[in-house]
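Here is the structure we will look at.
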Amino acid sequence: MVGVDQVLTKLATVIDPDLKKDIVSMGMIKDLELNDGNLKFTLELTTPACPFNDQIEQDVRKAVGEIEGIRNFDLNVTAKVMEGRSLAADEAMSTVKNIIGVASGKGGVGKSTVSLNLALALAQSGAKVGLLDADIYGPSIPLMLGMQKAFMEVDNNKLQPADSHGIKVVSFGFFAEQEHQAAIYRGPIISGILKQFLVDTNWSDLDYLIVDLPPGTGDIPLTLAQTIPITGILVVTTPQDVASNVAVKAIGMFNKLNVPIIGVIENMSYFVCPKCSDKHYVFGEGGAKRISEKYNIPFIGEIPLNSGIMQGSDKGKPVIITDPNSPSAEAIRAAAKNVAAQCSILAAKLKEEMQGDAAA
Ligand SMILES: Nc1ncnc2c1ncn2[C@@H]1O[C@H](COP(=O)(O)OP(=O)(O)O)[C@@H](O)[C@H]1O
Ligand SMILES: [Mg+2]
Numbered sequence: 001m002v003g004v005d006q007v008l009t010k011l012a013t014v015i016d017p018d019l020k021k022d023i024v025s026m027g028m029i030k031d032l033e034l035n036d037g038n039l040k041f042t043l044e045l046t047t048p049a050c051p052f053n054d055q056i057e058q059d060v061r062k063a064v065g066e067i068e069g070i071r072n073f074d075l076n077v078t079a080k081v082m083e084g085r086s087l088a089a090d091e092a093m094s095t096v097k098n099i100i101g102v103a104s105g106k107g108g109v110g111k112s113t114v115s116l117n118l119a120l121a122l123a124q125s126g127a128k129v130g131l132l133d134a135d136i137y138g139p140s141i142p143l144m145l146g147m148q149k150a151f152m153e154v155d156n157n158k159l160q161p162a163d164s165h166g167i168k169v170v171s172f173g174f175f176a177e178q179e180h181q182a183a184i185y186r187g188p189i190i191s192g193i194l195k196q197f198l199v200d201t202n203w204s205d206l207d208y209l210i211v212d213l214p215p216g217t218g219d220i221p222l223t224l225a226q227t228i229p230i231t232g233i234l235v236v237t238t239p240q241d242v243a244s245n246v247a248v249k250a251i252g253m254f255n256k257l258n259v260p261i262i263g264v265i266e267n268m269s270y271f272v273c274p275k276c277s278d279k280h281y282v283f284g285e286g287g288a289k290r291i292s293e294k295y296n297i298p299f300i301g302e303i304p305l306n307s308g309i310m311q312g313s314d315k316g317k318p319v320i321i322t323d324p325n326s327p328s329a330e331a332i333r334a335a336a337k338n339v340a341a342q343c344s345i346l347a348a349k350l351k352e353e354m355q356g357d358a359a360a
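Residue 53 in full-length UniProt numbering sits at position 53 of the sequence shown; the count goes up by one each step and never skips.
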């Protein structure tokens with residue numbers, strides 16, 4: 001009669017394409033029951049937004065189908081996002097599994113657009129998501145979400161994030177009068193505000209917190225990298241930005257600070273002609289891909305130019321919600337899956353390092 005060992009040996013032939021490890025040693029098989037050829041277990045994936053979730057499930061079904069003596073198979077698939085940062089070292093934010101900073105060399109490349117739509121795409125996949133607008137000088141998330149009148153409550157000395165489309169949002173733009181004040185804030189004050197937004201906010205349980213950073217390598221990106229352990233940085237470029245190499249400066253700074261780079265995403269990459277559906281690379285092609293190859297960082301995707309993105313942003317209507325079938329929305333969803341996959345990879349590495357440390 002077929003035994004649990006046999007089942008596990010067979011399941012261990014299924015490899016997670018991102019993590020390059022078998023699903024048994026990654027602990028993805030839970031609650032396994034085997035009675036008289038009736039097999040039942042839960043497959044716990046590392047993120048609901050994994051690009052290979054369907055493939056892993058199919059591989060599992062195929063593997064089980066090849067085991068002799070299985071009469072019934074009852075598979076339950078769930079996802080539990082892995083911790084992509086050391087929570088033990090971070091009591092202040094121990095309910096936030098992953099923190100992703102969105103950075104760029106210069107302004108106007110679409111960091112806020114990418115941050116917001118990425119957050120929404122991850123939430124749509126079933127993850128719990130927060131968005132911290134850390135551009136204290138020029139917060140644009142409230143406008144992009146149509147939340148100019150929103151404000152944050154303080155409860156028990158903790159900021160309560162505002163809610164929008166199922167994500168938790170914190171922005172300096174929710175505070176009145178920020179327009180006149182931001183200009184006079186300097187280094188230490190700005191750093192203090194960001195720290196408070198991070199650790200004095202009641203984020204509750206989050207799988208991913210996206211932090212929309214101001215451009216460049218100033219106080220705010222530095223504070224984020226140094227205040228708390230973060231999963232990593234997503235670098236946004238445009239084809240022109242790539243040409244002038246400013247994105248590389250940001251990458252260099254985070255490398256020096258030992259902050260992992262989740263990958264590089266190119267925005268405004270091409271224009272899809274509405275008449276012929278051809279892609280036109282108006283600003284040149286393949287810049288972010290070259291950065292990814294040269295610096296050995298993952299390529300997360302390219303997002304086309306879309307006049308709807310701009311109009312939608314100004315009216316508080318993110319493209320992923322209002323035009324979910326547009327090429328831009330599709331590109332963002334694909335990018336979100338890649339980001340989630342890279343977070344799982346970083347989490348697996350971290351887990352291994354911690355186990356190594358514990359064993360040593
Ligand atoms: N893919 C795109 N297609 C068209 N317009 C875009 C796209 N991405 C961003 N934009 C527009 O470009 C401007 C700058 O984007 P934003 O996200 O505010 O950049 P950043 O945060 O890097 O300064 C905004 O008006 C935004 O609506
Ligand atoms: Mg911005």
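C-beta: ideal position from N, C-alpha, C; glycine also.
Check whether residue i and residue j have beta carbons under 8 Å apart
i: phenylalanine 174; j: phenylalanine 197; result: no
i: valine 102; j: leucine 234; result: yes
i: valine 282; j: tyrosine 270; result: yes
i: leucine 19; j: alanine 348; result: yes
i: glycine 340; j: isoleucine 303; result: For the record, residue 340 in the displayed sequence is alanine; it is not glycine. Result no, Cβ atoms of alanine 340 and isoleucine 303 do not sit closer than 8 Å.
i: serine 104; j: alanine 336; result: no
i: threonine 201; j: valine 170; result: yes
i: glycine 316; j: leucine 132; result: no
i: lysine 10; j: glutamate 57; result: no
i: valine 236; j: isoleucine 265; result: yes
i: lysine 249; j: threonine 223; result: no
i: aspartate 241; j: valine 109; result: yes
i: residue 361; j: glycine 263; result: Since the first residue of the chain shown is 1 and the last is 360, residue 361 is not available in this structure.
i: threonine 95; j: aspartate 205; result: yes
i: proline 239; j: glycine 284; result: yes
i: glycine 232; j: isoleucine 261; result: yes
i: threonine 46; j: methionine 82; result: yes
i: glycine 301; j: asparagine 338; result: yes
Residue(s) in a DSSP beta bridge with residue i
i: isoleucine 99; result: Leu209
i: threonine 201; result: Leu159
i: valine 264; result: Val235 and Phe299
i: glutamate 68; result: BP columns for glutamate 68 are empty, so no partner.
i: asparagine 35; result: Asn38
i: asparagine 76; result: Thr42
i: histidine 280; result: Phe271
i: lysine 168; result: Gly130 and Asp163
i: isoleucine 15; result: Asp22
i: glutamate 153; result: Gln160
i: lysine 10; result: Beta-bridge pairing links lysine 10 to no other residue.
i: residue 362; result: Limits of the chain in this structure are 1 at one end and 360 at the other, which puts residue 362 out of reach.
Nonlocal neighbours in the same chain, by C-beta distance under 7 Å from residue i, ignoring five residues either side
i: glutamine 229; result: Here the sequence assigns proline to residue 229, which means glutamine is not the residue at that position. Answer for proline 229: Arg85, Ser86, Ala89 and Asp90, listed in chain order.
i: glycine 69; result: Met1, Val2 and Gly37
i: arginine 71; result: Gly37 and Asn38
i: alanine 329; result: Val319, Ile320 and Asp323
i: serine 191; result: Asp219 and Thr223
i: isoleucine 309; result: Thr113, Val319 and Ser328
Spatial neighbours of residue i in its chain, beta-carbon cut-off 8 Å, leaving aside the 5 residues before and after
i: valine 4; result: Leu32 and Leu34
i: leucine 159; result: Met152, Glu153, Val170, Gln196, Phe197, Asp200, Thr201 and Asn202
i: leucine 145; result: Leu116, Ser164, His165, Val169, Gly316 and Pro318
i: leucine 257; result: Leu222, Ala225 and Gln226
i: alanine 123; result: Val129, His165, Gly166 and Ile167
i: proline 161; result: Gly130, Met152, Lys168, Val169, Val170, Thr201, Asn202 and Trp203
Residue i Cβ short of 7 Å to ligand 4 heavy atom set
i: leucine 43; result: In terms of ligand content, the structure shown lacks ligand 4 and carries ligand 1 and ligand 2 instead.
Neighbourhood of residue i by C-beta distance below 6 Å, restricted to the same chain and skipping five residues each side
i: glycine 107; result: Pro215
i: proline 48; result: Ala79, Ser125, Gly126 and Ala127
i: valine 14; result: Ile23, Asp59, Val60 and Ala63
i: methionine 253; result: Thr217
Contact between the stretch 64-76 and the stretch 40-52: three or more CB pairs below 8 Å? Output reads yes: the stretch 40-52 touches the stretch 64-76.
When you compare the stretch 263-278 with the stretch 343-357, are there three or more beta-carbon pairs, one atom per stretch, that lie closer than 8 Å? Too few Cβ pairs lie closer than 8 Å, so no.
If contact is defined by three or more beta carbon pairs under 8 Å, each pair taking one atom from either stretch, is the stretch 112-122 in contact with the stretch 203-210? The stretch 203-210, when compared against the stretch 112-122, does touch it at the 8 Å Cβ threshold.
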